[in-house]
Amino acid sequence: MKNFRIICKEEIAPEIKRMVVSAPIIARKAKPGQFVILKVDEYGERFPLTLVDWNAEEGTITLIFQEVGVSTKKLGRLNAGDYIEDVAGPLGNPTEIKYYGRVAVVGGGVATGLIYPWVRALKKFGNHVTTIIGARTASLLLMEKELSELSDEIYISTDDGSKGVKGFTSDVLKMLLEKGEKFDLVMAAGPVPMMRAVAEVTRPYGIKTIVSLNPIMVDGTGMCGCCRVTVGGKRRFACVDGPDFDAHQVDFRELMNRLRMYVEEEKAALQRMEES
Ligand code: FAD
Ligand code: FES
Ligand code: MG
């Protein structure tokens with residue numbers, strides 16, 4: 006019997022979908038920073054998506070995903086009333102949320118969904134939260150309204166300048182620090198170049214910086230080794246040791262290379278799917 010019924014699906018930006026899925030056990034246990042591993046159909050591969058929201062009473066979880074390849078496109082073709090073959094989770098260590106003081110939270114692209122539970126939980130602990138979100142262009146900005154309502158301050162950047170500051174989220178963070186803003190913690194989730202840039206901005210200031218890493222994951226339980234990352238010169242598995250790590254210790258170049266490891270196979274698989 007299939008359990009994971011799609012309650013609703015909407016397109017929130019071009020090729021970016023939000024899905025609410027029935028998953029009562031996961032909804033009861035979910036914490037900020039955790040993720041699930043899905044299998045869309047019987048023959049599908051396993052792939053991770055972040056828990057953006059959850060409702061323990063209604064037994065639902067919310068996912069936001071960008072259609073980039075076979076699995077995310079297959080998921081995007083399902084509709085309300087359809088079932089997802091398997092959803093395992095919650096996986097990964099919850100983010101350590103407590104009172105830090107002044108916190109800057111940076112979200113880029115589809116990973117902006119991930120920072121929503123961070124910001125909500127940080128506010129519950131009484132932190133002053135400055136949120137910085139960015140995307141390539143205005144139509145791809147996610148959760149601006151929700152994050153504006155939660156945050157003490159919000160800044161926006163777009164690569165093409167169609168909304169907010171023209172440039173990257175790391176440029177906005179740099180500008181704030183140069184203006185004399187003080188942060189006790191910076192947290193970032195987004196594409197690898199963005200997380201690396203944030204780490205380089207905060208390094209000279211000595212501000213503790215946490216990033217949520219997104220290496221290729223398969224089992225999500227520390228057994229397959231796919232999500233191997235190097236942090237502080239040590240081998241770590243992002244699914245069980247992370248996904249949050251000290252940004253100043255992460256080998257981002259290795260992470261980037263490992264994320265590109267199967268690009269040819271992924272392209273061929275997508276072509277096969279589109280031709281069939
Ligand atoms: P493919 O064509 O197979 O892959 C496209 C690219 O995605 C690859 O080149 C590779 O860099 C990456 N990728 C492929 N397979 C995996 C995999 N098994 N695990 C991780 N990355 C992979 N994306 C979202 O849109 N929303 C999210 O909330 C989200 N949360 C994530 C949370 C974690 C902890 C991690 C590790 C990744 C997350 N991702 C998220 C990325 C998402 O898993 C990939 O975009 C997805 O697996 C791509 O699969 P595909 O078959 O559609 O594309
Ligand atoms: Fe297999 Fe982490 S995903 S070890
Ligand atoms: Mg794939």
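Note that the sequence shown ends on residue 281 in the numbering used here; no numbers are left out.
Backbone N, C-alpha and C define an ideal beta-carbon position, used for all residues, glycine too.
Where do the N-terminal and C-terminal ends of the alpha helix (DSSP H) with Ala32 fall, by residue?
-> Here the question's residue 32 lines up with position 27 in the sequence shown. It spans 29-34 - the alpha helix (DSSP H) in which Ala32 sits, taken as one unbroken run.
Would you check if the distance between the CB atom of Pro220 and the CB atom of Ala243 is smaller than 8 angstroms?
-> The residue you call residue 220 lines up with position 215 of the sequence shown. The residue you call residue 243 lines up with position 238 of the sequence shown. Against a cut-off of 8 angstroms, the Cβ pair of Ala243 and Pro220 comes out as a contact.
Proximal residues to Ile159 (C-beta, below 8 angstroms), its chain only, five neighbours per side dropped | For the purposes of this step, residue 159 is taken as residue 154 along the sequence shown, with counting starting at 1. Once the five neighbours on either side are set aside, the close Cβ partners of Ile159 are Thr135, Thr136, Ile137, Ile138, Glu149, Leu152, Ser153.
Going by DSSP, which residues form a beta bridge with Gln71?
-> Along the sequence shown, read from residue 1 onward, the residue named residue 71 stands at position 66. According to DSSP, which records beta bridges pairwise, Gln71 is partnered with Ile21.
Runs of alpha helix (DSSP H) lying entirely within the region 122-185, each at least 4 residues, in chain order | 149-155, 174-183
Short check: CB of Val25 to CB of Pro95, under 8 angstroms?
-> Residue 25 sits at position 20 when you count from the first residue of the sequence shown. Residue 95 sits at position 90 when you count from the first residue of the sequence shown. Cβ distance not < 8 angstroms, so Val25 and Pro95 don't count as in contact.
Does the beta carbon of Glu271 fall short of 7 angstroms from some heavy atom of the ligand MG?
-> In the sequence shown, the residue the question calls residue 271 occupies position 266. Glu271: yes, Cβ under 7 angstroms from the ligand MG.
Alpha helix (DSSP H) segments (min. 4 residues) lying fully within the region 182-248 | 197-207, 243-246
Go ahead and label Lys5 buried or exposed: buried means 16 or more other beta carbons lie within 10 angstroms of its beta carbon, across all protein chains shown.
-> There is simply no residue 5 to check, as the chain begins at 6 and stops at 281 in what is shown.
Take Asp246 as the anchor and find which of Leu264, Val177, Gly227 has the nearest alpha-carbon.
-> Your numbering for residue 246 matches position 241 in the sequence shown. Taking only the C-alpha atoms, the option nearest Asp246 is Gly227.
Endpoints, the beta strand (DSSP E) within which Ala61 is located | Reading the sequence shown from its first residue, position 56 is the one you call residue 61. Run containing Ala61: none; DSSP gives neither H nor E here.
Is His253 near Ala204, with beta carbons less than 8 angstroms apart?
-> Against the sequence shown, residue 253 aligns to sequence position 248. Against the sequence shown, residue 204 aligns to sequence position 199. In contact: His253 and Ala204 (Cβ atoms closer than 8 angstroms).
When the distance is taken between beta carbons, is Leu264 closer than 8 angstroms to Val197?
-> Along the sequence shown, one-based indexing puts residue 197 at 192. Along the sequence shown, one-based indexing puts residue 264 at 259. Yes, Cβ-Cβ distance for Val197 and Leu264 is below 8 angstroms.
Who's in the neighbourhood of the ligand FES, going by beta-carbon under 6 angstroms from any heavy atom, listed in chain order?
-> Met222, Val223, Asp224, Gly225, Gly227, Met228, Cys229, Gly230, Cys231, Cys232, Phe242, Cys244
Are the CB atoms of Leu155 and Ile17 nearer to each other than 8 angstroms?
-> For the purposes of this step, residue 155 is identified with residue 150 of the sequence shown, where counting begins at 1. For the purposes of this step, residue 17 is identified with residue 12 of the sequence shown, where counting begins at 1. Not a contact, by the Cβ cut-off of 8 angstroms.
Roughly how many whole angstroms lie between the Cα atoms of Arg51 and Lys184?
-> For this step, residue 51 is matched to residue 46 along the sequence shown. For this step, residue 184 is matched to residue 179 along the sequence shown. Those two C-alpha atoms are separated by around 45 angstroms.
Determine, using beta carbons only, whether Gly74 and Glu280 come nearer to each other than 8 angstroms.
-> The count along the sequence shown starts at 1 and reaches residue 74 at position 69. The count along the sequence shown starts at 1 and reaches residue 280 at position 275. Cβ atoms of Gly74 and Glu280: not closer than 8 angstroms.
Between the C-alpha atoms of Ile69 and Phe250, what's the straight-line distance to the nearest angstrom?
-> As a working mapping, residue 69 is identified with position 64 in the sequence shown. As a working mapping, residue 250 is identified with position 245 in the sequence shown. Computed Cα separation, rounded: 22 angstroms.
Report the rounded CA-to-CA distance for Lys187 versus Gly237, giving the unit in angstroms.
-> Residue numbering aside, residue 187 sits at position 182 when the sequence shown is read from its first letter. Residue numbering aside, residue 237 sits at position 232 when the sequence shown is read from its first letter. Roughly 26 angstroms between the two C-alpha positions.
Leu43 and Val108: beta carbons closer than 8 angstroms?
-> Here residue 43 refers to the residue found at position 38 when the sequence shown is read from its first residue. Here residue 108 refers to the residue found at position 103 when the sequence shown is read from its first residue. Against a cut-off of 8 angstroms, the Cβ pair of Val108 and Leu43 comes out as no contact.
Beta-bridge pairing of Ile89 - partner residues as DSSP gives them | Along the sequence shown, read from residue 1 onward, the residue named residue 89 stands at position 84. According to DSSP, which records beta bridges pairwise, Ile89 is partnered with Phe9.
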